[in-house]
Amino acid sequence: MRHLLDTKDLDRRDALRILDVAEDMAATQQREVRKLPTLRGKTVVNLFFEDSTRTRISFEAAAKRLSADVINFSAKGSSVSKGESLQDTAQTLQAMGADAVVIRHGASGAPQTLAGSGWISAGVVNAGDGTHAHPTQALLDAFTIRKRFFGEASRGRDLAGLRVTIVGDILHSRVARSNVWLLTTLGAEVTLVAPPTLVPQDVSAWPVRVIYDLDEAIAAGPDALMMLRIQLERMNAAYFPTEREYSRTWGLDAARLGALPADSIVLHPGPMNRGMEISAAAADSPRSTVLEQVANGVSVRMAVLYLLLAGERTEAEEDGR
Ligand code: NCD
175 MRHLLDTKDL
185 DRRDALRILD
195 VAEDMAATQQ
205 REVRKLPTLR
215 GKTVVNLFFE
225 DSTRTRISFE
235 AAAKRLSADV
245 INFSAKGSSV
255 SKGESLQDTA
265 QTLQAMGADA
275 VVIRHGASGA
285 PQTLAGSGWI
295 SAGVVNAGDG
305 THAHPTQALL
315 DAFTIRKRFF
325 GEASRGRDLA
335 GLRVTIVGDI
345 LHSRVARSNV
355 WLLTTLGAEV
365 TLVAPPTLVP
375 QDVSAWPVRV
385 IYDLDEAIAA
395 GPDALMMLRI
405 QLERMNAAYF
415 PTEREYSRTW
425 GLDAARLGAL
435 PADSIVLHPG
445 PMNRGMEISA
455 AAADSPRSTV
465 LEQVANGVSV
475 RMAVLYLLLA
485 GERTEAEEDG
495 R
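Written as structure tokens, this is what we have:
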């Protein structure tokens, strides 16, 4: 694997390979010494042009547990805020010897631009670009679903037979887009639930069913319900009347939580707006996988960095370099 830009590029085999390597990584994280020597001497740059808490520290933890050197570069307080272009920033990183660049950017397509530019030779990992894609989030969601439903028997399995319902601000969600492609590639049945104003226009081209009533979606008995944050920072118009109205119609409150099938799970990528799209009762219930998603995120990102960087190292070693 040279870059990880979009789950749309992954076939079933690629996706299962990443999830299975993540299982191996998770197993190493149960040991007393969690650090592996695998990426010693490699440099991973976290290039974040957009705010992030969990994704950035998750990539940092993943790289450090593989013994890579990590450079955190955030646009605020850097020359980017003085108007430096993506090209100049990338060329600076190249000159510093970056082996992998993990990029989060407000513009959809920025990671593709970087990967295809010739400005850097590093592998590029998309950590979220605009409303377009967030592949490692979808991979950690798939990993979490697989683990909850299949436990020790997860390895090698896809998600055939499972029904996943994604609820909320689909329009602005790169998490929803990346999940739609990955989960369907893995054989899951995906349903989207949202107010009509928050459903993208091109949704008819997606391999999903769309419904506009959360109670109807819950009555259908999904295995996993994924609640999305309302992305107010990406909204330039009124997409719903009031926050109160939104949470009443589209929020996962205690009553809706109680109406879910007994063995179903509730996911949220974070950061959560408690009381808005998800109630405290749902967020803190035993069905909630929110903290498992965070823990699994480190294993999945370890797997991605390993597949991007360790293969290359083996070839170089074989060549005697
Ligand atoms: C998501 C993101 O940034 O796209 N969060 C994350 O990566 N943990 C979802 C969100 O911000 O709501």
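With the working numbering applied, the sequence shown corresponds to residues 175 to 495, in that order.
Positions of the beta carbon are idealized from the N, C-alpha and C atoms, including for glycine.
Using a threshold of 8 angstroms, state whether the C-beta atoms of Val-181 and Leu-356 are closer than that. The sequence given here places Thr at residue 181; Val does not occur at that position. Yes; because the gap between Cβ atoms is below 8 angstroms, this pair is in contact.
Taking only the alpha-carbon atoms, compute the straight-line gap between Val-382 and Gly-335 and give it to the nearest angstrom. 15 angstroms
Hey, is Gly-444 close to the ligand NCD, as in C-beta under 7 angstroms from one of its heavy atoms? yes
Can the beta-carbon of Ala-307 be found closer than 8 angstroms to that of Arg-278? no
Need the endpoints of the beta strand (DSSP E) that Leu-221 sits in, please. 217-222
Alpha-carbon spacing of Leu-210 relative to Val-474, whole angstroms: The alpha-carbon atoms of Leu-210 and Val-474 are separated by roughly 15 angstroms.
Residues sharing a beta bridge with Gly-361, DSSP: Beta-bridge pairing links Gly-361 to no other residue.
Straight-line CA distance for Gly-297 to Ser-328? In a straight line, the C-alpha of Gly-297 is about 28 angstroms away from that of Ser-328.
Span of the beta strand (DSSP E) holding Thr-339? 337-341
Contact between the region 214-225 and the region 239-253 (3+ Cβ pairs under 8 angstroms): yes
Please identify the residue among Leu-178, Gly-330, Ile-452, Lys-321 whose C-alpha is closest to the C-alpha of Asn-300. Closest by alpha carbon: Leu-178.
Alpha-carbon to alpha-carbon, Val-373 and Phe-317: The C-alpha of Val-373 is placed about 26 angstroms away from the C-alpha of Phe-317.
Which same chain residues end up closer than 8 angstroms to Pro-454 when comparing Cβ atoms and leaving out the 5 residues on each side of it in sequence? Sequence check: residue 454 is Ala here, not Pro. Same-chain partners within the cutoff: Arg-448.
If you measure from the CB of Gln-265, is any heavy atom of the ligand NCD nearer than 7 angstroms? no
With distances taken from CA atoms, which of Asn-410, Leu-431, Met-175, Met-400 is nearest Arg-191? Met-175
Looking at the unbroken beta strand (DSSP E) that takes in Leu-193, where does it start and where does it end? Element bounds for Leu-193: not the beta strand (DSSP E) but the alpha helix (DSSP H), 186-202.
Along the beta strand (DSSP E) that carries Arg-383, what are the first and last residues, could you check? 383-385
Val-254 - DSSP class collapsed to helix/strand/coil: Note: Val-254 maps to helix in three-state DSSP.
With distances taken from CA atoms, which of Val-276, Thr-416, Ala-456, Ser-352 is nearest Leu-313? The candidate whose alpha carbon is nearest that of Leu-313 is Ser-352.
Confirm, please, whether the CB-CB distance from Arg-337 to Pro-396 is below 8 angstroms. Between Pro-396 and Arg-337, the gap from beta carbon to beta carbon is short of 8 angstroms.
Run through DSSP, which three-state label would Val-207 get? Looking at Val-207 - three-state DSSP - the assignment turns out to be coil, as it is neither helix nor strand.
Spatial distance of Asp-437 from Ala-391 (CA atoms): 16 angstroms
Does the distance from the CB of Arg-186 to the CB of Leu-360 come in under 8 angstroms? Taking 8 angstroms as the cut-off, the beta carbon of Arg-186 is found closer than this to the beta carbon of Leu-360.
Give a yes or no on whether the C-beta atoms belonging to Met-400 and Glu-451 are separated by under 8 angstroms. no
To the nearest angstrom, how far is the alpha carbon of Ala-249 from that of Val-275? Straight-line spacing of the CA atoms in Ala-249 and Val-275 works out to 14 angstroms.
What residue range does the alpha helix (DSSP H) around Asp-180 cover? It is not in any alpha helix (DSSP H) - Asp-180 carries neither H nor E in the DSSP assignment.
Just the C-alpha distance for Leu-482 and Ala-269, rounded to the nearest angstrom, thanks. 20 angstroms
Cβ separation of Leu-267 and Val-219, assumed to be a contact under 8 angstroms, to the nearest whole Å: 5 angstroms
Opposite Asn-300 in the DSSP bridges: which residues? In DSSP, Asn-300 forms a bridge with Ile-277.
Please state the DSSP three-state secondary structure of Leu-426. strand
Could you compute how far the alpha carbon of Gln-311 sits from the alpha carbon of Phe-324? 20 angstroms
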